[in-house]
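A.B. asks: Here you go, one structure.
In the numbering used here, the protein residues as written are 98 to 409.
Written out as structure tokens, the structure reads:
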């Protein structure tokens with residue numbers, strides 16, 4: 098930890114105190130000296146930032162590897178420099194990316210805007226499920242807050258940002274329609290999960306999550322679930338009490354692998370979900386829609402979609 102703090106201080110010094118905000122805009126023209134630099138700690142937030150900011154910003158992501166567990170992410174000096182040089186940062190909150198707060202505090206800038214999605218939504222620190230982007234109501238609020246922040250940084254382009262919010266909101270309608278259609282026709286479908294990654298979306302779609310939340314939380318937090326919870330989960334597969342197994346693609350260990358093996362053995366279709374947006378090939382909207390479509394294929398045709406990036 099001491100080595101990391103030393104590296105962080107060095108990175109902040111390298112970043113400099115004057116690089117957090119791109120030079121201001123002319124009244125109606127392009128922003129001077131290039132686009133506003135923005136960071137989404139998770140790439141789904143970076144994607145939405147870019148959609149709202151368009152040609153006037155350059156948004157980058159910190160966590161974007163679908164083959165790693167975001168809960169175990171460790172920041173590097175390069176990451177510290179990337180965040181310290183941003184004019185706008187969007188973080189998830191609920192303890193999911195609290196490491197970013199330490200970097201932000203180590204590189205204070207009165208002009209930097211930090212949007213914490215947990216606080217934006219008015220959620221308490223004790224919120225049990227931190228995967229806020231799967232809730233259908235989250236990203237429209239984030240998009241609006243991003244537009245407001247960018248509008249203050251570049252007031253000459255505020256109308257442009259607001260228009261992008263309207264387009265973004267409209268682009269979510271196919272996802273909302275797919276959720277509503279699933280709920281109307283397949284509401285009450287019993288499902289098993291490894292973690293609460295997709296729980297907000299499953300709940301919106303009317304699915305019944307049969308896995309004990311205590312087991313979900315244990316896997317999410319890297320602790321050992323109780324033998325009783327493991328036995329309950331195994332019984333869901335062996336007794337065919339669930340129709341779908343929703344599996345976190347980004348966390349694999351012997352226990353979750355055993356659940357996956359049981360689901361396959363008992364011919365229960367698997368739907369893979371992600372904590373960061375799978376790339377290439379998706380934006381936030383198409384990713385969310387693809388997850389609901391995979392859920393529907395699993396229920397209606399018994400088809401597994403373990404990966405959205407090809408393969409089963």
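By construction, the Cβ of each residue, glycine as well, lies at the ideal position given by its N, Cα and C atoms. This structure is a prediction, so every number in the text was calculated from the model and none was measured.
In its own chain, which residues sit with a C-beta less than 6 Å from the C-beta of residue 441, not counting the 5 before and 5 after it?
C.D. replies: Residue 441 is absent from the structure shown; the chain starts at 98 and stops at 409.
A.B. asks: Just to confirm, are residue 294 and residue 222 a CB contact at a threshold of 7 Å?
C.D. replies: No; because the gap between Cβ atoms is not below 7 Å, this pair is not in contact.
A.B. asks: Per the contact definition of three or more C-beta pairs closer than 8 Å, is the region 210-221 in contact with the region 172-182?
C.D. replies: The region 172-182 is not in contact with the region 210-221.
A.B. asks: If contacts are defined as beta-carbon pairs under 8 Å, then residue 133 and residue 247 qualify, I think. What distance do you get, rounded to the angstrom?
C.D. replies: Indeed, because the Cβ distance is near 7 Å, the residues count as touching under 8 Å.
A.B. asks: Return helix, strand or coil for residue 212, following the three-state DSSP convention.
C.D. replies: Note: residue 212 maps to strand in three-state DSSP.
A.B. asks: Looking only at its own chain, which residues have a Cβ that is under 8 Å from the Cβ of residue 272, when we skip the five neighbours before and after it?
C.D. replies: So the list reads 233, 382, 385, 386, 389, once near-sequence residues are dropped.
A.B. asks: Which same chain residues end up closer than 7 Å to residue 360 when comparing Cβ atoms and leaving out the 5 residues on each side of it in sequence?
C.D. replies: Excluding sequence neighbours, residue 360 sits near 334, 342, 367.
A.B. asks: Is residue 383 helix, strand or coil by DSSP?
C.D. replies: Three-state DSSP puts residue 383 in a helix.
A.B. asks: Kindly indicate which residue of 142, 136, 288 has the alpha-carbon position closest to the one of residue 157.
C.D. replies: Ranking the options by Cα distance to residue 157, first place goes to 136.
A.B. asks: Going by beta-carbon coordinates alone, are residue 305 and residue 287 separated by less than 7 Å?
C.D. replies: A contact, by the Cβ cut-off of 7 Å.
A.B. asks: Use the C-beta contact count for residue 398: other C-beta atoms within 10 angstroms, 16 or more gives buried, fewer gives exposed.
C.D. replies: Exposed, since its Cβ has fewer than 16 Cβ neighbours within 10 Å.
A.B. asks: Given a cut-off of 7 Å, decide if residue 213 and residue 190 are closer than it, judged by their beta-carbon atoms.
C.D. replies: Yes, they are a contact pair.
A.B. asks: Could you tell me if residue 150 is buried or exposed, where buried requires 16 or more neighbouring beta carbons within 10 angstroms of its beta carbon?
C.D. replies: Burial call: buried.
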